[in-house]
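See structure below.
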Amino acid sequence: MSEDNVITLTDATFDEVVNASDVPVVVDLWAEWCGPCKMIAPTLAEIATEQVGVIKIAKLNIDENPQIPQRYGVMSIPTLLVFRNGELDKRVVGAKPKGALIEEFGL
Amino acid sequence: MSDLDVRNVVIIGSGPAGLTAAIYTARANLRPLILEGEPSSTSDQPGGQLMLTTEVENFPGFPDGIMGPDLMMNFRAQAERFGTEIETVKASKVDFSERPFKIWVGNPDAPEPTYLAHSVIVSTGATALMLDVPGEARLLGHGVSTCATCDGFFFREHDIAVIGGGDSALEEASFLSRFAKSVTIVHRRDELRASKIMIDRASQNPKISFLWNTVVEEALGDQTLAGLRIRNTQTDVVSELPVTGMFVAIGHRPATDLFAGQLALKDNGYLITEAPSARTSVPGVFACGDVQDDVYRQAITAAGSGCTAALDAERWLEAEGLGH
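The listed protein sequences correspond, in order, to chains A and B.
Position 23, counted from 1, in the first sequence is what my numbering calls 26; the numbers after and before it change by one each time, with no gaps.
Position 86, counted from 1, in the second sequence is what my numbering calls 88; the numbers after and before it change by one each time, with no gaps.
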């Protein structure tokens, strides 16, 4: 599955992208060494492609970007932060199947 | 039902056993379908228990060790290379009472099965046990973790507890000691089940200490874990262990719920196979890996038994005049 529709965020670009979006943004906090993160990445890429214009999927590598996980008190990955109008609306902790994610995102 | 193709081999589960069975049956031109499971942050996920481990040092062929998730991604790529079809779904019901065998995905009450199969290889593995104490589920992801590899990073300079006394508990403790200020291993007995090399390693680690004859009664904390209520099983004295992280490694139970009433199980829930074969109580259904192994439970023994199951399935299909 191509990741063409998945945005890569950093500590520096996070606020700008999340605040400017007119659709909800899901931020996937992940790391190279996290097995479950690797397993949900293709699922998130699928959702991103199927829901273009409805929701944005973004990912942030927590190894390279420590500030955002700290700001949101993240203690487990994968954690998916769902933002609506720039505000944190929901926090999904742990890898889940596609159907459950779609439900969590309110799609 | 007549419009459903009957698959030669359907493999349920995608740890070392299932993926090895896939590699062998794919190379035998049986075009296996593997139902790899659904993503989760427990061991019940595609790739199985190794997806939650760090460095695997005892899998032959990797002299410098390999990360568990990388090893499983390699297994998967190798299975795909020979034409294994992989579906990221979980079987919800099986019917092995007549042939072809029936397998459901999604709604188990659907009138028609999702797949039909001439032979089935069961490799659903084992699921990590949780403590099942108050506070544990509520604080999951907020100090309580099912995955040391995933979450160790967040516990830099924290005081944490690892619950359990086997190899996986000690491995997690060693791994977590890289980040944590201190790691306390809480064990309900006064001796460990772990292997000597792991015990030596943990005993020599200045950050690791042991609390013997101790059980956890509650995970405490409002928003995040603040401590554990523990009880000494000898004295019944209850106290609080001030930790902000808890990792549970108290063992596994075989994932055989799906097969109750269909395949013969041991009293402890593991599937019965006719050693040294992978044959179960139903001809045409084979089992491999931790779901039928209550003794060895290693990645390499699981992979070995996956090969056995594949060869057994191949020979059985041939004898039945099926599969090509």
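Heads up, the beta-carbon is just placed ideally off N, CA and C, and yes, glycines get one too.
| query | result |
| --- | --- |
| Cβ contact (3+ pairs, closer than 8 Å) linking the segment 83 to 95 of chain B and the segment 34 to 45 of chain B | yes |
| Contact list for the segment 42 to 58 of chain B against chain A, Cβ threshold 9 Å | S42, S43, T44, Q47, P48, G49, L52, M53, L54, T55, T56 |
| Contacts that B:L142 makes with chain A (C-beta to C-beta distance below 9 Å) | S79, V96, G97 |
| Enclosing alpha helix (DSSP H) for A:P72 [first to last residue] | 70 to 74 |
| Rounded distance between the beta-carbons of A:F108 and A:I43, thought under 8 Å | That belief does not hold up - the Cβ atoms of A:I43 and A:F108 are roughly 13 Å apart, past 8 Å. |
| Local conformation of B:L6 per DSSP, three classes | coil |
| Chain A within 8 Å of B:T282, Cβ atoms only | no |
| Under 8 Å by beta carbon: chain A residues contacting B:P71 | W36, C37, G38, K41 |
| Residues near B:I25 in its chain [Cβ-Cβ closer than 6 Å; skip 5 each side] | Q80, A81 |
| Cβ-based burial, A:D31 [other Cβ within 10 Å; buried from 16] | buried |
| Meets three-Cβ-pair contact criterion under 8 Å: the segment 120 to 128 of chain B and the segment 303 to 318 of chain B | yes |
| Per-residue burial, B:Q206 [other beta carbons within 10 Å of its own, 16 or more giving buried] | exposed |
| Counted within 10 angstroms of its Cβ, other Cβ atoms place A:D66 as buried (16 or more) or exposed | exposed |
| Closest Cα partner of B:I165 within the set B:G253, B:D259, B:G308 | B:G253 |
| B:A23, buried or exposed, once every other Cβ within 10 Å from all chains shown has been counted against 16 | buried |
| CB of A:G38 within 8 Å of CB of B:M53, strictly | yes |
| Neighbour flag for B:C149 against chain A, beta carbons, 8 Å | yes |
| Within chain B, partners of A:T46 - CB distance below 7 Å | P41 |
| According to DSSP, residues forming a beta bridge with A:L32 | A:L63, A:T82 |
| Residues that A:P100 contacts on chain B, provided the C-beta gap is smaller than 7 Å | E40, P41 |
| Cβ neighbours of B:A228 in the same chain (closer than 6 Å, five flanking residues each side left out) | L222 |
| Extent of the continuous alpha helix (DSSP H) run through B:F156 | Looking at the DSSP string, B:F156 is not in any alpha helix (DSSP H), and its letter there is neither H nor E. |
| Residues of its chain near B:Y272, where Cβ-Cβ distance is below 8 Å and the 5 sequence neighbours each way are ignored | P256, T258, V293, Q294, D295, D296 |
| Partner residues on chain A for B:E226, Cβ-Cβ distance less than 9 Å | Per the sequence shown, the amino acid found at residue 226 of chain B is Thr instead of Glu. Neighbours of B:T226 on chain A, chain order: G76, M78. |
| B:F156 at chain A interface by Cβ criterion, 8 Å | yes |
| Cutoff 8 Å: A:D92 Cβ touching any chain B Cβ | no |
| Inter-residue spacing [alpha-carbon to alpha-carbon] between B:S147 and B:F181 | 15 Å |
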